[in-house]
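As structure tokens, the structure follows; a few thoughts come after it.
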Amino acid sequence: MARFLDQVAIVTGAAQGIGRAIATRLASEGCSVVIADLNLAAADATATEIRAAYGGRTLALPVDVIDRAAVEAMVAATLAQFGRIDILINNAGIFGNARFEEMTDEQWRRMVDVNLYSVFLVSQVVIRHWLGQQAAGAIVNLASISGIVAFTDSSHYAAAKTGVTGLTRSLAMEMGTHGIRVNAVAPGIIATEMTRRSLEAPELSGGWLRRIPQHRYGTPEEVAGVVAFLASNDASYVNGELIFIDGGGTFAWDKPSDAQR
Ligand code: NAD
Numbered sequence: 000m001a002r003f004l005d006q007v008a009i010v011t012g013a014a015q016g017i018g019r020a021i022a023t024r025l026a027s028e029g030c031s032v033v034i035a036d037l038n039l040a041a042a043d044a045t046a047t048e049i050r051a052a053y054g055g056r057t058l059a060l061p062v063d064v065i066d067r068a069a070v071e072a073m074v075a076a077t078l079a080q081f082g083r084i085d086i087l088i089n090n091a092g093i094f095g096n097a098r099f100e101e102m103t104d105e106q107w108r109r110m111v112d113v114n115l116y117s118v119f120l121v122s123q124v125v126i127r128h129w130l131g132q133q134a135a136g137a138i139v140n141l142a143s144i145s146g147i148v149a150f151t152d153s154s155h156y157a158a159a160k161t162g163v164t165g166l167t168r169s170l171a172m173e174m175g176t177h178g179i180r181v182n183a184v185a186p187g188i189i190a191t192e193m194t195r196r197s198l199e200a201p202e203l204s205g206g207w208l209r210r211i212p213q214h215r216y217g218t219p220e221e222v223a224g225v226v227a228f229l230a231s232n233d234a235s236y237v238n239g240e241l242i243f244i245d246g247g248g249t250f251a252w253d254k255p256s257d258a259q260r
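Residue numbers (numbering that gives the first Met the number 0): 0 to 260.
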């Protein structure tokens, strides 16, 4: 299957984790991918792995997604290399724990900047290009179940991810007439570097696992499959949507009975 033949995607935060799985999935279906990340060495390694596996075109770029000049340079470099942009995946993000009463201004601002302002900034630079070219495109944003249900000690992350969901819906409405679709996914608990420390703490992960009907965490590849669907023409009439990728755990108030396992 080559749903993305001749298409070009920018995936932010694609050096590792979910972003790497998304870039790999898109490339496996014929897409040229820009692997944009703060960590250039890891982005380069991902680009090399993708080329080795699928032989496609890749470009690794060092980008801080909250730096307007760097984001504009990323878009310019993408156009110089590939001549077009069809898909933007706003995946770059950070997580951290802080008790609300102890949270510093710097912790709040950094969390909201990297997780939410970046989605505004990168989308705006790409959308300005699309509007200038009368081009269509698809954006998929990484929201989170943390924007829907409550976790302790991460109110700044929750606020930012709730913002991503609201921004997605508003942008879908504003951009629909230009043929630009904007959707989001809300992953549950996915085993990556971001969640490694929490998953190693049995007092946390035991409680979470019991609530998830599938009784396991998700993989980056399972997120990538849904993101690829939303980015593709298979989702041509899906706009402003938020899809949960959570094994059914987010709204499972009761824990599934042992008999169901
Ligand atoms: P990760 O920490 O494994 O990877 C994040 C990547 O983003 C890294 O490569 C990092 O270098 C990059 N990055 C961070 N700040 C950046 C910046 N300012 N500019 C450019 N790149 C930057 O995380 P992950 O688990 O793969 O998460 C990816 C996305 O999915 C994030 O937006 C995260 O909030 C979201 N998400 C993750 C989970 C989960 O359980 N892992 C759940 C819900 C949502």
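Note that beta-carbon positions come from the ideal geometry of N, C-alpha and C, so glycine has one too.
- Here the alpha carbons of residue 98 and residue 110 stand approximately 14 Å from one another.
- If you check the CB distance, residue 160 and residue 142 come in under 8 Å.
- Burial is judged here by how many other beta carbons sit within 10 angstroms of a residue's own beta carbon; residue 174 has at least 16 and is buried.
- Less than 8 Å separates the beta-carbon of residue 45 from that of residue 19.
- The criterion of a C-beta distance shorter than 8 Å is not satisfied by residue 188 and residue 247.
- Scanning the segment 167-245 from its first residue to its last, the whole alpha helix (DSSP H) runs of 4-plus residues come out as 195-198, 201-210, 219-230.
- Relative to ligand 1, the nearest heavy atom lies less than 7 Å away from the CB of residue 188.
- Boundaries for residue 115: no beta strand (DSSP E) harbours it, and the DSSP string shows neither H nor E there.
- In the three-state scheme derived from DSSP, where H, G and I count as helix and E and B as strand, residue 36 is classed as strand.
- About 7 Å separates the CB atoms of residue 122 and residue 87; that is less than 8 Å, so the two are in contact.
- In terms of Cβ geometry, residue 89 and residue 118 form a close pair [threshold 8 Å].
- With fewer than 16 other Cβ atoms inside 10 Å of its own Cβ, residue 250 counts as exposed.
- Listed in chain order, the alpha helix (DSSP H) elements of length 4 or more contained wholly in the segment 60-136 are 67-81, 104-111, 117-132.
- Excluding the 5 residues flanking it on each side, residue 153 has same chain C-beta neighbours closer than 8 Å at 94, 95, 96, 97, 145, in chain order.
- Taking non-hydrogen atoms of ligand 1 into account, the C-beta of residue 193 is found less than 7 Å away from one of them.
- Look at residue 145 here: in three-state DSSP terms it is helix.
- Residues of the same chain with a CB within less than 8 Å of the CB of residue 238, apart from the 5 flanking positions on each side, are 171, 175, 180, 181, 182 in chain order.
- DSSP places residue 11 inside the beta strand (DSSP E), whose first and last residues are 7-11.
- Between the alpha carbons of residue 222 and residue 69 lies a gap of roughly 27 Å.
- For residue 139, DSSP records a beta bridge to 88, 182.
- Under a 10 Å Cβ-count criterion, residue 108 is classified as exposed, with fewer than 16 other Cβ atoms of the shown protein chains found around its own Cβ.
- A direct Cα-Cα distance of roughly 9 Å separates residue 206 from residue 254.
- Secondary structure at residue 45: helix, using DSSP grouped into helix, strand and coil.
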